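Here is the structure we will look at, set down as C-alpha cells.
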Amino acid sequence: MATSSESFFSHSPNIEEIDTKIESLKHQITLIQGGIRFLEEYKNTRLLTVAKLPPEVLSTILESLALSTPPRSTYRQQAYSHIFLATQVCRLWRQVALSSPRIWGCINGFASHRIVELFLERARSAPLYLWSPGYPDEKNVLAVLNHLERLKKIILKAQPNWVKRIVSEPTPQLEILSLETTSFATIDPFVFCADAFPLLQHLSLTGYVFKGNMTSLKNLRSLLIKPSDGPRQYSKLNHADPVNFFATLNDLPFLSSLTLIDALAPLNGSIPPLSVILPSLTHLLIQDDDISNLGMMSCITAPFIEVKLSHTGQANGETASPVIAAIYSNLPDIPRSHSKLTLRTKAVSWSDRPGAHVQIWTGCAVEEQETDIPLFDLKVSGTGDLETEGWALTLCPSTTLPPILHFHSGVESFNDDSLATYRIFRQLKDVTQLHSDRLIDIILVLCDTPLERNEARSLPSLQKIVLGSGIIKFLALFKPPPSTRYLPNPLNSLSSISYVPYEIRDNIVAHLQDDRLALARLSLVSSAWLQLSRWYLFEVIKVNQANALRLEELLASPYCTIRPYIAGLDLNNPPFVPKSPGTILELESVFTPQSLPRLAAVLASSQIRTVCLDGRSSLWIMSNSAIAAQSFDNLPIPLNVSSVTSLTLRSMQFSCISEVTAILQGIPNLRSLSLDNTYWCRPGPFEVLPPPSLALVDKLRVLRVRSMSVENLVEWLLLAGRPLGLVEMDMGLVEAATCERLCRTIDPEMLRTLSVHNSADAYAVEKFRNLRDIDISIHAADECKPAISLLKRLGSFHMRTVKFAVHTRFFSSPQEFFQCFDWKEFIAVLGAEKFRWLDSIEFAFDIEHSQAETRLTEKLSELHEQGKLYMSQL
C-alpha cells in the first residue's frame, strides 16, 4: 500500500485524479467489508456448533430467553437487548426466532412504541406477557390491553382507567396479575366481576383495597396485599373488613401463600369464632399495627410451614394477652424444635424497634438458626410497661431444646426500675443461654435478688452467656455459695461473678473497651474486675489546655490510684492509637513549653516505659540547649529514664548526631528503637563516641529504621564493638551497603523477625537461618526473582509466616507483577520439606483487594484451599 501511494504521488497528481483514487479506495473498502460479512456468516452458519442445533431445541432456548427477566435499564433502546442479540448469532437463529410467535409475546411497557407494535405483529395469536420496570408508556399499555383475551401475565404500575379495563373485560388466560397504584393520596378499591379471572394463580396488589369475590379465584395460589411505599394519606377504616375477608378465604383450596401488610381495617372487639380451612397454605405473613388482626391467624386451619406475624403498633397487655394466647394455641406441633426469645426495651435503630420477638426453628442445629428461615416468627410491642412483651415471651410453647434469650435494655445505670424485666425473667425457667451486646444487661439479670428465699430469681436455669460475638461459658457459675444470704443488695448477687477466671474476665473487658460507661460499672464489681478495667479505661488520656489542670490535680492527689497505669508518653499529632492498653499518655499539640512543666513533677514519679516523639508536634522539645547536656534532665518533662524501654522518633530533625546519641546514652535500659523519617542536618563525622560502659547494645532487641539519613547512627551502633542481640529488625530504607555491615554484627542465632525492603540487594541477610517471620518488599519487576531466591535461601523448619509487600505503583500496571512473578518456582519453593511448618503466606498490595484477589487465588489455588493464603492492603 505504501509503495502504491509513493508511485501515485511520483507524477504529482491533480485534484481530479486524487478524487478518483479516493472513490476507488472506498469501493475496495466496501468489497472488503462485504467479504468479512460473508466469511462471518459462513463461519456462524456452517462451522459453529450453535448453528447445528435442531430448530425445535433452538426454539425452546429462545422462548426461555424471551420469558426470562431482562436486564433492568433506563434506556428504551436496551429494553430488548437480550432478545435482539440472540437473533444476530447466525442466520438459523434468526429464522427460528422469526418463525416462533411465542418469542415476541413478552411486551415491555417501557420500550419504544414502534418496537412494541413490531412485537405485537410478530406474536400473531401467541399469548402475551406485559410488564414494566417503571412507569410505562401509555401508548404501549393501551395497545396491549386491546388483546386482553391473550394476556397471561400483567406486572404494571397502573392508572385507574387501565385497571378498570382489566377487571371489566374478559381475561380467560390471565395467570399472574401484579398491580401497583400510582396515587398516594387515596386508596382505590379493587373490585372485579364474578367470572373475571378464571385461571388466575398469583395476585399482588400494592396500594389497593381488596373488595372482590373470592369465588372466581378458585385457582389462586398466592395472594399479596400491601400499601404503597409513599406516605399514607388515608384512613385504615376504608380497608377490607377482617372478618369478611377471612371468611371468603374458604373458597381458595389451592392457596399456598398469603401475605397481608397493613391490608385490613381495625378489628372491633375480640377475635370471632371463625373457621377458615386452607389445606394448601404453607406460608402466612401478617403485618399490622392492630394486634387483633394478627390474631385472625388463629381462625385458620392449615399446614403452616412458615408463619410470620409482625405488630408495628403499640398494644396494652389487656388487649394483647388473649390474642397472643390464641395465636400460640393454633400452632401445630413442631418436632425437634428450638426457639429464640428476644426482648428489646429501647430502640437502637429503625429496624430494631423495642418489643418482643419469638422465633421457632426445626430440623437444624442451634448454631445454624440465624441463617435459616424460622417456621414461626412473632413480633409484638407494648406501651412501655412490658406487659405485652411479657405475654409474648412467657406464653411461648415449649420446644424440644431449651430456648435462647437475647436481651437489650435501655438502662444506663442500676438506678432504673427493672421490676418489669425481673417479672418476665423469673417466669422464663427453661432459658439456659443469655445473649447480650452490653455487659450492663448481663449484670442487670444477675442483680435480681428475690425478697423471699424460695422465690425464683431471673433465669434460674441459666448456664451459658454469649457476650457480643464471643461465647463465654459459665457452667453453673452463677449459683451463689450456700452461705450467701438473700439480702436486697445488688452487689450481693454480683459476688458470684467475682470468681470468674482471669481469661474470661479479660475476654469480657476486651469486648467492652469502647464502652467506657460499661467499664466504669464493671469496675465496681470487685477488686479483680477493677484492676483489669483500669487498663482499658486509662488506655489513652488525651490532655489539652482545658483539662490539663484537672489532670494535674488528679495525679497529684495522694488518693490517686491510676498513676501506675500511665506507662507511656506520646507527643504526637495526629493522635497515635496504641495497640496495647495502658501504654500511652497522649499530649496534644496545643501544649506550650510554659504549660508542660506543671505536669512534669507529677509524671516524674510515673513508670513511663514507652516514649514516642513526633517532630510535627514536639519539634520544639529537641532544642540544642535541651540536648547539650546529653541527657533528659533539661527536657520540659523530666522522665524516670531508667524505666523507659521503648523509644520512637518520628519525623524528627536534629542539627547533628550528637543530639541523637545524647538521648540514647540517657536511656540505659532501651530495648526497642524505631526511627521513622528522622534525620539531622549535618551527618558528618562523629561528634560523640560511645563510652566504654554503654549498655545500650547489650539490651537492644528491636531495631526499626525507615529513614534514608541515619547511616551515622548505624555506624555509631557498630562502633560499640559487641554483637547486637536483636530478635526483630526492620531496616526500611537503609542502603544495602550499610545493611550488610549491620547484619555482620547481629547475632544470627537470636534474630526471629526480619523485614527486607530491597530484595535485589538482600544477600547480606543469608546467614539468618532461625527466622520465624519474614517480610519482603517488592518495588520493581527486577526484584521479583531475587525475592523468591531470598525466600529459598532463608527458609527453614523454624519459619511460620511469609509476607510479600508489593508496591504496584512502581510497576507499569498491577498486572505486570502477576506476569513477572514466577508462580511455578514460588510454589516449588514452598513445597520443600523445610517449609512444612509454614502457617501463612500473605500478600499485601497498595491497591484494592478486588483488583488482586481473583488473580492471586487463581495462581495459588492450593494454598487458598488449605487456608494458608491471606491478603491485606498496604
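For the sequence shown, position 389 (counting from the first letter as 1) is numbered 643 according to the numbering used here, and the numbering increases by one without interruption.
Glycine residues also receive a C-beta, built at the ideal position from the N, C-alpha and C atoms.
Computed from a predicted structure; not experimentally measured.
Status (buried if at least 16 other CB within 10 Å, exposed otherwise) for residue i
{"i": "Ser261", "result": "exposed"}
{"i": "Thr642", "result": "buried"}
{"i": "Asn743", "result": "Bear in mind that the predicted position of Asn743 carries a pLDDT of just 36, short of 50, making it too unreliable to give a figure here."}
{"i": "Phe1080", "result": "buried"}
{"i": "Phe1051", "result": "exposed"}
{"i": "Arg1063", "result": "exposed"}
{"i": "Ser264", "result": "exposed"}
{"i": "Phe558", "result": "buried"}
{"i": "Glu1037", "result": "buried"}
{"i": "Asn547", "result": "buried"}
{"i": "Phe1075", "result": "buried"}
{"i": "Gln1120", "result": "exposed"}
{"i": "Arg904", "result": "buried"}
{"i": "Cys866", "result": "buried"}
{"i": "Pro496", "result": "buried"}
{"i": "Lys411", "result": "buried"}
Cα-Cα separation, residue i to residue j
{"i": "Ala1153", "j": "Pro414", "result": "Look at the range of the chain in this structure, 255 to 1128, and you will see that residue 1153 is not part of it."}
{"i": "Thr675", "j": "Val417", "result": "52 Å"}
{"i": "Arg677", "j": "Gly638", "result": "14 Å"}
{"i": "Gly388", "j": "Gln342", "result": "28 Å"}
{"i": "Ile1101", "j": "Thr1108", "result": "13 Å"}
{"i": "Asp691", "j": "Ile578", "result": "28 Å"}
{"i": "Val1083", "j": "Leu1123", "result": "15 Å"}
{"i": "Glu1096", "j": "Leu649", "result": "53 Å"}
{"i": "Ser327", "j": "Ala448", "result": "Only weak support is given to the placement of Ser327: the predicted model assigns it a pLDDT of 48, under 50, and the question is left unresolved by the model."}
{"i": "Pro267", "j": "Ile276", "result": "12 Å"}
Terminal residues of the alpha helix (DSSP H) in which residue i lies
{"i": "Arg376", "result": "His367 to Ala377"}
{"i": "Tyr296", "result": "Ile269 to Tyr296"}
{"i": "Leu518", "result": "Taken as a continuous stretch (DSSP letters only), Leu518 belongs to no alpha helix (DSSP H), as it is neither H nor E."}
{"i": "Pro1135", "result": "The structure shown has nothing for residue 1135, since the chain only spans 255 to 1128."}
{"i": "Arg904", "result": "Counting along the chain, Arg904 falls outside any alpha helix (DSSP H), though it belongs to the beta strand (DSSP E) covering Ser900 to Arg904."}
{"i": "Glu560", "result": "Note, Glu560: premise wrong, no alpha helix (DSSP H); beta strand (DSSP E) at Glu560 to His565."}
{"i": "Glu982", "result": "Counting along the chain, Glu982 falls outside any alpha helix (DSSP H), though it belongs to the beta strand (DSSP E) covering Glu982 to Asp984."}
{"i": "Ile1030", "result": "Careful: Ile1030 lies outside any alpha helix (DSSP H), inside the beta strand (DSSP E) at Asp1027 to Ile1032."}
{"i": "Thr648", "result": "Glu641 to Thr648"}
As assigned by DSSP and simplified to three states, the class of residue i
{"i": "Glu994", "result": "helix"}
{"i": "Gly636", "result": "coil"}
{"i": "Arg419", "result": "helix"}
{"i": "Asp695", "result": "helix"}
{"i": "Thr1108", "result": "helix"}
{"i": "Gln541", "result": "strand"}
{"i": "Glu1119", "result": "helix"}
{"i": "Tyr676", "result": "helix"}
{"i": "Ile1042", "result": "helix"}
{"i": "Trp1091", "result": "coil"}
{"i": "Leu457", "result": "strand"}
{"i": "Ile525", "result": "coil"}
{"i": "Phe886", "result": "Residue placement at Phe886 is flagged as unreliable, the pLDDT there being 37, under the threshold of 50; the coordinate-derived value follows with that caveat. The answer is coil: DSSP assigns Phe886 none of H, G, I, E or B."}
{"i": "Met1053", "result": "coil"}
Close-in-space but distant-in-sequence residues of the same chain around residue i (CB under 6 Å, 5 per side omitted)
{"i": "Lys407", "result": "Tyr383 and Ile430"}
{"i": "Ala610", "result": "Leu597, Val634, Glu643, Ala646 and Leu647"}
{"i": "His1118", "result": "Thr1111"}
{"i": "Phe464", "result": "Phe444, Ile479 and Ala494"}
{"i": "Thr599", "result": "Pro608, Ser663 and Gly664"}
{"i": "Arg376", "result": "Trp358"}
{"i": "Thr536", "result": "Ser510, Pro557 and Ile559"}
Sequence-distant residues of the same chain with beta carbon closer than 7 Å to residue i, five excluded per side
{"i": "Pro735", "result": "Residue placement at Pro735 is flagged as unreliable, the pLDDT there being 37, under the threshold of 50; a coordinate-derived value is accordingly withheld."}
{"i": "Ala1041", "result": "Ser1013, Ile1030, Ile1032 and Phe1058"}
{"i": "Pro1054", "result": "It is Arg, not Pro, that sits at residue 1054 in the sequence shown. The residues are Arg1026, Asp1027, Trp1091, Leu1092 and Asp1093."}
Host beta strand (DSSP E) of residue i (start-end)
{"i": "Ser253", "result": "Residue 253 lies beyond the stretch modelled for the chain, which goes from 255 to 1128, so this question has no answer here."}
{"i": "Ala1098", "result": "Ser1094 to Phe1099"}
{"i": "Tyr383", "result": "Leu382 to Trp385"}
{"i": "Ile361", "result": "Cys360 to Asn362"}
{"i": "Gly609", "result": "Gly609 to Thr616"}
{"i": "Val343", "result": "From DSSP, Val343 is part of no beta strand (DSSP E); its letter is neither H nor E."}
{"i": "Ile408", "result": "Leu405 to Ala412"}
{"i": "Pro443", "result": "Asp442 to Phe444"}
Close beta carbons around residue i, own chain, < 8 Å, minus the five adjacent residues each side
{"i": "Trp1077", "result": "Lys1113 and Leu1114"}
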